[in-house]
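Just so you know, the sequences run in chain order V and F. When we follow our numbering, the leftmost residue of the first sequence carries the number 371, and every step to the right adds one. When we follow our numbering, the leftmost residue of the second sequence carries the number 371, and every step to the right adds one. The beta carbon of each residue, even a glycine, is placed where N, CA and C say it ideally should be. In this text, all values refer to a predicted model and were calculated from it rather than measured experimentally.
Protein chains: 2
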Amino acid sequence: MALIVQKYGGTSVASPERIKNVARRVASWQAKGHQVVVVVSAMSGETNRLISLAKEMQAVPDPRELDVIASTGEQVTIGLLSMALMNLGVKARSYTGGQVRILTDSAFNKARIVSIDDASIRRDLDGGSVVVVAGFQGVDENGNITTLGRGGSDTSAVAIATALQADECQIYTDVDGVYTTDPRIVPEARRLEKITFEEMMEMASLGSKVLQIRSVEFAGKYKVKLRVLSSLEDLGREGTGTLITTEDDIMMEQPTISGIAFNRDEAKLTVLGVPDRPGIAYQILGPVADANIDVDMIIQNVGHDGTTDFSFTVPRGEFARTTAILEQIRGHIGARQITGDNKIAKVSVVGVGMRSHVGIASKMFRTLAEEGINIQMISTSEIKISVVIDEKYLELAVRILHKAFDLDHAPA
Amino acid sequence: MALIVQKYGGTSVASPERIKNVARRVASWQAKGHQVVVVVSAMSGETNRLISLAKEMQAVPDPRELDVIASTGEQVTIGLLSMALMNLGVKARSYTGGQVRILTDSAFNKARIVSIDDASIRRDLDGGSVVVVAGFQGVDENGNITTLGRGGSDTSAVAIATALQADECQIYTDVDGVYTTDPRIVPEARRLEKITFEEMMEMASLGSKVLQIRSVEFAGKYKVKLRVLSSLEDLGREGTGTLITTEDDIMMEQPTISGIAFNRDEAKLTVLGVPDRPGIAYQILGPVADANIDVDMIIQNVGHDGTTDFSFTVPRGEFARTTAILEQIRGHIGARQITGDNKIAKVSVVGVGMRSHVGIASKMFRTLAEEGINIQMISTSEIKISVVIDEKYLELAVRILHKAFDLDHAPA
């Protein structure tokens, strides 16, 4: 018998019929003898509806009152799912974030969990109930309702699994696991049985939007096993999804590379010929950060003749605004020229195995060169290598890298 | 400076535009120097939507979970109204029933208020805020969300006014006060400046659906002045509504009769020739009560020859079911015959003044007789006289009684 925390997102509970499906799935886990805590999101579309109502009242809705309103979406779902479970003869009991109680700080709209009182949940589980908890929400020490920010239900689930020392935290989505790359681009892409927290974070941040990066980070920190599963598969014919766990849990025969991630939504900017002196990076990126523009890759090569070139990438939608900011500060920082390109893509190979294997980078660069794909920027971390290339080569690059690193076939 | 509790119902907050209107009205009261607590219902239609969702999960929704779901309707409104107030530059803060805290018993769907903690509300009022409280809901001593039953927001408002010892509890509706009778039937009907709690209860229970009877009872018990006002009148051109208060507050020149109430939604049943022995009333009404059918008037006249006739009225929709129940027990109770009529109406004259005036009844009966209207049943209380007549005479009866008791003209 295991203690399992399951999380179902907005599309999984989008209609009364889908909520009933979730209830059947939950009931089947309980019938196998497991204790089950279910964390749910608002019905798909509901949070947007509530936020739209709020914006009709105030152009910038008051953060405290916005949380009062937005938190009702999940509150409706917990009641509905509990009823659907009872209708199947399963004992069930719902909890809002405040009822659990999930204590957060007072940062409305983007609160962070401070602690979780597991007493009530444990009592209900021991009494044979399924416990249904509203995701995305909590309460601060003054009793104010808070929310964790959009999509925060994954984080709620991981936090509850941590507090309960659950055996597994299952995140149900509309895909049946994490893939070596996007199957729409590479039909041979395979579902991974296991992946490490670190790899998953790189995959997630690079555009594989299966899990929220914050919840993966949280799970890794507390070593809560995460499993990505599909809520669309027929009961009795479910797959095993992808387990996200620590490196220790993954066999030594793990291949060097786990997957190929990519991101089309970037643009690059280069500041040419800036004086090569301390503080120049801050002078360039400070105004960009002040404008709330996220910066992804940042590259500065060694300078020569007292000047250097500085490049970085931003979300494509911020390209024009970032260019304008740079033009404004160009004279002040003494740069020669600003250039940019919003027709780029980033491709990354990810894998914990690359730590102990030299040659991954050269294999990647050679593979791209053989197809005549020029590399515009390179950035590396311990477990990933990212390159920026012309957008038009994206699909080709992903396909040839997937094949070159032998991801088309399951490891022997 | 007064402390005022205002309650706005579902139609007053049915849309973002109407919520903004409510905000302007609330702001105008605060601008006059008053402290204002606002109690709101769910946006019109929202509670029904939520209950429908629940019924898709369970034919008979679990009472605890139904309250978890239904209470979100008011929670959305408090957030929206607080934002609308802030948008007008008015400090505002919302509270759910649990946050106040409005402590109730654990009778889900029909909970009763046990106590109200006024500390947070007072602190916010003293800090210059308008306090916006979700009506219809509370929390039991175990932290479970409860609701007071449909329309319970009036009761919430009165209870909060009692706890705060407010100067007045204003109930905003879509009518501008309590009338001597329905103006659709008698164009000369007048708005009453004042009416006693007792009269209002008789008027409400007799079909003038302006206020919930439970809230009037509650207000009378704790002597909280209630005022019925329209939320549709233009700001700056509002009327004074109708004040519902104790008899002591009403001038001695108060006319004998305050109003004519009526109810079309009744049917009468008569059990003829039952043995005139102790317990017979219980034997007849016990099975009716067991079937959850509300009984209104009950009449049993003195018997003769060892038998008597027993009559009572029920809601018209229950006529067939009640008839079937009586036919079933007829043999057992030894009754001769069951008769009934669902084409009846009840007309009542109401007024505290009648206590000290003989002759009201005879004036009422003479007035009806002069128009050839036959009286089928009569029932009286200290402050009202009700008669059952053929439904087709209803409008005529109301008009002639309104005139006979001189309600067409304001008291001198």
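With a threshold of 8 Å between beta-carbons, can residue i be considered close to chain V, or not?
{"i": "residue 759(F)", "result": "no"}
{"i": "residue 442(F)", "result": "yes"}
{"i": "residue 386(F)", "result": "yes"}
List the residues that DSSP assigns as beta-bridge partners of residue i.
{"i": "residue 542(F)", "result": "378(F) and 599(F)"}
{"i": "residue 685(F)", "result": "636(F)"}
{"i": "residue 465(F)", "result": "503(F)"}
{"i": "residue 715(F)", "result": "759(F)"}
{"i": "residue 405(F)", "result": "373(F)"}
{"i": "residue 588(V)", "result": "In DSSP, residue 588(V) forms no bridge with anything."}
{"i": "residue 680(V)", "result": "641(V) and 670(V)"}
{"i": "residue 631(V)", "result": "718(V)"}
{"i": "residue 749(V)", "result": "756(V)"}
{"i": "residue 473(V)", "result": "485(V) and 509(V)"}
{"i": "residue 614(V)", "result": "565(V) and 596(V)"}
{"i": "residue 707(V)", "result": "642(V)"}
{"i": "residue 516(V)", "result": "508(V)"}
Would a check of beta-carbon distances place residue i closer than 8 Å to chain F?
{"i": "residue 464(V)", "result": "yes"}
{"i": "residue 436(V)", "result": "yes"}
{"i": "residue 787(V)", "result": "An answer regarding residue 787(V) cannot be provided, because it is not within the stretch 371 to 782 covered by chain V."}
{"i": "residue 469(V)", "result": "yes"}
{"i": "residue 389(V)", "result": "yes"}
{"i": "residue 439(V)", "result": "yes"}
Go ahead and label residue i buried or exposed: buried means 16 or more other beta carbons lie within 10 angstroms of its beta carbon, across all protein chains shown.
{"i": "residue 553(V)", "result": "exposed"}
{"i": "residue 431(F)", "result": "buried"}
{"i": "residue 371(F)", "result": "exposed"}
{"i": "residue 444(F)", "result": "buried"}
{"i": "residue 616(V)", "result": "exposed"}
{"i": "residue 712(V)", "result": "buried"}
{"i": "residue 652(V)", "result": "exposed"}
{"i": "residue 400(V)", "result": "buried"}
{"i": "residue 688(F)", "result": "buried"}
{"i": "residue 549(V)", "result": "buried"}
{"i": "residue 779(V)", "result": "exposed"}
{"i": "residue 569(V)", "result": "buried"}
{"i": "residue 582(V)", "result": "buried"}
{"i": "residue 744(V)", "result": "exposed"}
{"i": "residue 415(V)", "result": "exposed"}
{"i": "residue 672(V)", "result": "exposed"}
{"i": "residue 514(F)", "result": "buried"}
Please report whether the beta-carbon of residue i lies at a distance below 8 Å from any beta-carbon of chain B.
{"i": "residue 607(F)", "result": "Reference to chain B is not applicable here, since the protein chains of this structure are V and F."}
Contacting positions in the stretch 444–458 of chain V - beta carbon closer than 7 Å to chain F: 445, 446, 448, 449, 450, 452, 453, 454, 456 and 457
Residues of the stretch 421–432 of chain F whose Cβ lies closer than 7 Å to any Cβ of chain V, in chain order: 423, 424, 426, 427, 428, 431 and 432
In the stretch 626–653 of chain V, which residues sit with their C-beta less than 7 Å from some C-beta in chain F, listed in chain order? none
Can you give, in chain order, each stretch of the beta strand (DSSP E) that sits fully within the stretch 526–571 of chain F and has at least 3 residues? 538–543 and 564–566
Alpha helix (DSSP H) runs wholly inside the stretch 410–452 of chain F, at least 4 long, in chain order: 416–427 and 433–440
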